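Data first, discussion second: the structure below is written as C-alpha cells.
Protein chains in written order, with the working numbering: chain Z, 515 to 908; chain Y, 159 to 384.
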C-alpha cells in the first residue's frame with residue numbers, strides 16, 4: 515500500500531469516530547499545552563532576570579559584608595564613608611564607585627503618602643548603574659558632600675505623591691523630614707512582580723543623618739574592563755577585611771549573580787516541564803488504550819483487508835499512522851493553545867513568557883513520539899491478527 | 159483438462175490446537191480446481207468445508223500435505239508473498255459481505271487494488287467497470303448501508319474480481335439473502351464463470367445451491383466423501 519493511501523485511510527478512520535478521536539486527543543492537547551506554557555514562563559522569567567542584571571550596567575562588582583547566598587541573614591555593615599574613599603582609590607576614582615544605604619520609609623506630599631524604599635546614594639549612581647531621568651537632575655556631588663535634603667523620585671512614587679504635576683522643585687517629607695524634589699526617574703515598569711519605580715534616592719549623607727547612623731550598606735564598582743574584575747574583587751575584599759577584622763566581605767560579579775539565578779530558574783523550569791511531561795505521558799496511555807479498543811472493534815475490517823491482499827506491514831502501518839495522527843493533531847492543537855495561554859499569562863500577569871523554538875520543536879516531537887511509542891503495541895497486534903479468526907469475529 | 163490447476167491440494171490436513179489438544183479439521187483432502195471450473199463444496203457444518211476454503215484461498219496453511227496456489231507451493235512462501243498471491247489470484251465472497259461500512263461501493267471494490275499498488279485514477283476506472291458488469295453502474299457512490307443485501311453481495315463479487323483473479327471462492331454467498339435474490343447472485347457468479355473463465359468454488363450446505371455447479375465436492379468429518 516502506498517504511504518499516502520495509508521494516511522487517507524487513517525484520517526478517514528479518525529473522522530468516523532470524531533468524538534472519541536477528540537477526547538483521546540484532549541489528553542495530548544492538555545499535555546503539550548502545559549509543557550509549552552510552563553516552559554515559556556520559565557524561559558521568560560530567566561530572560562527577564564538576565565536582562566535586568568545585565569541592564570544594571572556592565573563590568574559591575576557588588577561589595578557587601580557577609581556571605582552572599584540564599585537563606586543567609588544579612589550582616590549589619592561595619593562600612594563607613596572612609597571605606598568608600600579607600601575603595602574609590604583602589605577602583606581608580608570616585609566616579610567608578612557608588613555606595614548605598616537603604617531603608618523602608620514613609621514619604622509624604624500634602625495628603626498623599628506612600629511607604630517606599632529610600633536609598634542613600636552617591637552622585638555617581640546613574641553612571642555606575644544605567645539609570646535614566648525623566649525630569650530634573652540627579653543628586654550632585656555637593657548635595658552628597660553637604661548632606662543636602664534633596665530627593666530623586668521613582669516614577670511610581672512621583673505619580674502617587676504628585677499625580678500629573680511636575681514635582682521638580684516641590685517639597686516632600688521623608689520619614690517626617692522635609693526634602694526638595696530635584697528629579698524623577700524614567701519609568702521602568704514591573705518585573706517579576708516587583709515595582710521598580712517604587713523608590714526614592716537621597717544623598718547618602720542625608721540618609722545617614724535621617725537614620726542616625728554612619729554606616730554604608732553596600733558598594734558597587736564599575737571596572738574599566740571585565741578582565742580586571744577578579745583582581746579588583748580580591749583587592750577590595752582584602753582591604754575591607756583588613757580594615758574591619760572579624761567581618762567577611764563578599765564581592766560578586768553580574769556573571770556570578772546570573773549563574774546562581776540562572777541555575778535556580780533552570781531547575782524550576784525543568785521541574786515544571788517534567789510535571790507537564792507526566793500529563794503528556796498520561797495522554798499517551800490514553801491513545802494506546804483507545805487504539806487497542808479500535809483494533810478490537812475493527813477486527814473484521816482487518817481480516818477483510820488481509821484477505822484481499824494487505825500484508826502484515828500494511829495493517830501495522832495503517833494503525834500506527836492513526837495513532838501518530840491522533841497525537842500530532844493533538845500536539846498542534848496543544849501548541850496553539852499553549853502559545854495563546856502563554857501570551858495571555860504574559861499580558862495579564864507580571865510573569866513574563868517567552869516562546870522558544872526549542873520548546874515548540876520539543877513539544878511537537880514528543881507528541882509524535884508518544885504516538886509512535888504508544889501506537890506500536892496496538893498496531894502490531896492489528897498486523898498480527900490471523901485473517902481466518904479475524905473474519906469469523908462477529 | 160490440460161491447463162495448469164488454479165489451485166491444487168494433495169493429501170492436505172489441518173489441525174487446530176484447542177487447549178493443548180490437536181483437533182483435526184481436515185484429515186487428508188485432495189482437491190484440484192482448474193481454470194474455468196465451477197465447483198461446489200457441500201457438507202454439514204463442522205465437516206471442514208470452511209477450513210478447506212481458507213486453505214484454497216491462501217488465508218491459512220496446511221498442517222501437512224502439499225498446497226499449490228497458481229503453481230506455487232505455499233510452504234515456500236513468506237506471509238508477505240502469500241498476501242501478494244491472494245491479492246492477485248484469489249477473490250473472496252463472504253456470507254456476510256464484509257464490506258467497509260463507511261466506504262462507497264466504488265472504493266470498496268477498489269480496495270484490493272490499493273494493496274496491489276495501483277494508482278487512484280486507475281483503481282477507480284477498474285472498480286467502476288466491474289460495478290457496471292455486476293449491474294451496479296448506477297450505485298457507485300452508495301455506501302453499503304444504502305444498498306440492499308443482493309446489491310451488497312454484488313459489490314463484494316465485483317471486489318473479488320477487480321484484480322483479475324483465476325479463482326473466486328464464495329463462502330455461503332446466498333446465506334444472508336432471500337431465495338430469489340440468492341438465485342440472482344448465483345446467476346451472476348455463473349455468468350462471470352462462463353464469460354471470463356474465472357474458476358468459481360461455492361462453499362455451501364444448501365443442496366439446491368450445490369446442484370447448480372458442474373461439480374460437487376462432498377465433505378464429511380474432514381474428508382472428501384464424493
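Just so you know, even glycine gets a beta-carbon here, dropped at the ideal spot from N, CA and C.
Quick caveat: nothing in here was measured; it's all calculated off a predicted structure.
Does residue 300 of chain Y get closer than 8 Å to chain Z when you measure Cβ to Cβ? Numbered from 1 along the second chain, position 142 holds the residue referred to as residue 300 of chain Y. No - not a single Cβ of chain Z is within 8 Å of the one on residue 300 of chain Y.
Could you please give the first and the last residue of the uninterrupted alpha helix (DSSP H) stretch that includes residue 879 of chain Z? One-based indexing of the first chain puts residue 879 of chain Z at position 365. DSSP places residue 879 of chain Z inside the alpha helix (DSSP H), whose first and last residues are 871-898.
Jot down the residue ranges of each uninterrupted beta strand (DSSP E) in the region 543-600 of chain Z, minimum 3 residues, whole runs only, in chain order. List check, beta strand (DSSP E) in window: 574-579.
Taking beta-carbon pairs under 7 Å, can you tell me which members of the region 264-295 of chain Y lie near chain Z? Those residues of the region 264-295 of chain Y placed with their C-beta closer than 7 Å to a C-beta in chain Z are 269, 270, 272, 273, 274 and 275, ordered along the chain.
Output, in sequence order along the chain, the residues in the region 322-355 of chain Y whose CB is closer than 7 Å to any CB in chain Z. So the list is empty, because no residue satisfies the distance condition.
Residues that residue 242 of chain Y contacts on chain Z, provided the C-beta gap is smaller than 9 Å: Position 84 of the second chain holds residue 242 of chain Y. Simply 823 and 825.
Using beta carbons (cut-off 8 Å, strictly below), is residue 305 of chain Y in contact with chain Z? Reading the second chain from its first residue, position 147 is the one you call residue 305 of chain Y. So, not an interface residue.
So residue 168 of chain Y and residue 224 of chain Y are in contact, right, with Cβ under 8 Å, and what is the actual spacing, rounded? Sequence index remark: in the second chain, residue 168 of chain Y carries index 10 (1-based). Sequence index remark: in the second chain, residue 224 of chain Y carries index 66 (1-based). Their Cβ separation, rounded to whole angstroms, is 4 Å, which keeps residue 168 of chain Y and residue 224 of chain Y in contact under 8 Å.
Only counting runs of 4 or more residues, tell me where the alpha helix (DSSP H) segments fall wholly within the region 658-689 of chain Z, in order along the chain. Entirely contained in the region 658-689 of chain Z, the alpha helix (DSSP H) runs reaching 4 residues are, in chain order, 669-676.
First through last residue of the beta strand (DSSP E) which encompasses residue 259 of chain Y: As a position in the second chain, residue 259 of chain Y is number 101, starting the count at 1. Element bounds for residue 259 of chain Y: n/a, residue is neither H nor E.
In terms of residue numbering, what span does the beta strand (DSSP E) encompassing residue 715 of chain Z cover? In the first chain, the residue the question calls residue 715 of chain Z occupies position 201. Looking at the DSSP string, the run of the beta strand (DSSP E) that includes residue 715 of chain Z is 713-717.
Can you tell me whether residue 537 of chain Z is buried or exposed? The criterion is at least 16 other CB atoms within 10 Å of its CB, across all chains shown. Your numbering for residue 537 of chain Z matches position 23 in the first chain. Classification for residue 537 of chain Z: exposed.
Please report the residue range of the beta strand (DSSP E) in which residue 628 of chain Z lies. Along the first chain, read from residue 1 onward, the residue named residue 628 of chain Z stands at position 114. Note, residue 628 of chain Z: beta strand (DSSP E), 626-635.
With 16 as the cutoff for other CB atoms within 10 Å, does residue 304 of chain Y come out buried or exposed? Residue 304 of chain Y sits at position 146 when you count from the first residue of the second chain. Burial call: exposed.
Is the shortest distance between the beta-carbon of residue 217 of chain Y and the beta-carbons of chain Z less than 8 Å? Residue 217 of chain Y sits at position 59 when you count from the first residue of the second chain. It does; some Cβ of chain Z falls within 8 Å.
Less than 8 Å between CB atoms is the rule here; does residue 809 of chain Z satisfy it with respect to chain Y? Within the first chain, residue 809 of chain Z is the residue found at index 295, counting from 1. At a cut-off of 8 Å between beta-carbon atoms, residue 809 of chain Z makes no contact with chain Y.
Counted within 10 angstroms of its Cβ, other Cβ atoms place residue 780 of chain Z as buried (16 or more) or exposed: The count along the first chain starts at 1 and reaches residue 780 of chain Z at position 266. Classification of residue 780 of chain Z: exposed, given that the 10 Å Cβ count is below 16.
Would residue 814 of chain Z pass as an interface residue toward chain Y - the criterion being a Cβ-Cβ separation below 8 Å? Here residue 814 of chain Z refers to the residue found at position 300 when the first chain is read from its first residue. At least one beta carbon of chain Y lies nearer than 8 Å to the beta carbon of residue 814 of chain Z.
Chain Z contact residues for residue 363 of chain Y, given Cβ-Cβ distances below 7 Å: Your numbering for residue 363 of chain Y matches position 205 in the second chain. Per Cβ cutoff of 7 Å: no residues; residue 363 of chain Y is ~16 Å from chain Z at best.
Taking buried to mean at least 16 other C-beta atoms within 10 Å of its own C-beta, is residue 788 of chain Z buried or exposed? One-based indexing of the first chain puts residue 788 of chain Z at position 274. Under this definition residue 788 of chain Z is an exposed residue.
Three-pair Cβ contact test at 8 Å for the region 870-890 of chain Z versus the region 835-855 of chain Z: Taking 8 Å as the limit for Cβ pairs, the verdict is that the region 835-855 of chain Z does touch the region 870-890 of chain Z.
Any residues in the region 526-539 of chain Z with a beta carbon nearer than 8 Å to a beta carbon of chain Y? Which ones, in chain order? Of all residues in the region 526-539 of chain Z, only 526 and 530 come within less than 8 Å of chain Y when Cβ atoms are compared, listed by chain position.
Give the straight-line distance between the Cα atoms of residue 814 of chain Z and residue 352 of chain Y, rounded to the nearest whole angstrom. The residue you call residue 814 of chain Z lines up with position 300 of the first chain. The residue you call residue 352 of chain Y lines up with position 194 of the second chain. Cα to Cα, the separation comes out at about 32 Å.
Suppose you measure from the CA of residue 519 of chain Z to the CA of residue 358 of chain Y; what does that come to, to the nearest Å? The residue you call residue 519 of chain Z lines up with position 5 of the first chain. The residue you call residue 358 of chain Y lines up with position 200 of the second chain. If I take the Cα positions, the gap works out to 31 Å.
Rounded to whole angstroms, what's the CA-CA distance from residue 238 of chain Y to residue 859 of chain Z? Just pull it up for me. Along the second chain, one-based indexing puts residue 238 of chain Y at 80. Along the first chain, one-based indexing puts residue 859 of chain Z at 345. Answer to the nearest angstrom: the Cα atoms are 54 Å apart.
Which value, in whole angstroms, describes the spacing of the CA atoms of residue 863 of chain Z and residue 795 of chain Z? For the purposes of this step, residue 863 of chain Z is taken as residue 349 along the first chain, with counting starting at 1. For the purposes of this step, residue 795 of chain Z is taken as residue 281 along the first chain, with counting starting at 1. Straight-line Cα distance between these residues: approximately 29 Å.
Determine, for residue 201 of chain Y, whether the minimum Cβ-Cβ distance to residues of chain Z falls below 8 Å. Numbered from 1 along the second chain, position 43 holds the residue referred to as residue 201 of chain Y. The beta carbon of residue 201 of chain Y does not come within 8 Å of any beta carbon belonging to chain Z, so the residue lies off that interface.
8 Å is my cut-off, CB to CB: does residue 864 of chain Z come that close to chain Y? Counted from its first residue, the first chain places residue 864 of chain Z at position 350. False, the Cβ-Cβ gap to chain Y never drops below 8 Å.
Spell out whether any CB of chain Z is found under 8 Å from the CB atom of residue 260 of chain Y. Against the second chain, residue 260 of chain Y aligns to sequence position 102. Answer yes: the Cβ-Cβ gap between residue 260 of chain Y and chain Z drops below 8 Å somewhere.
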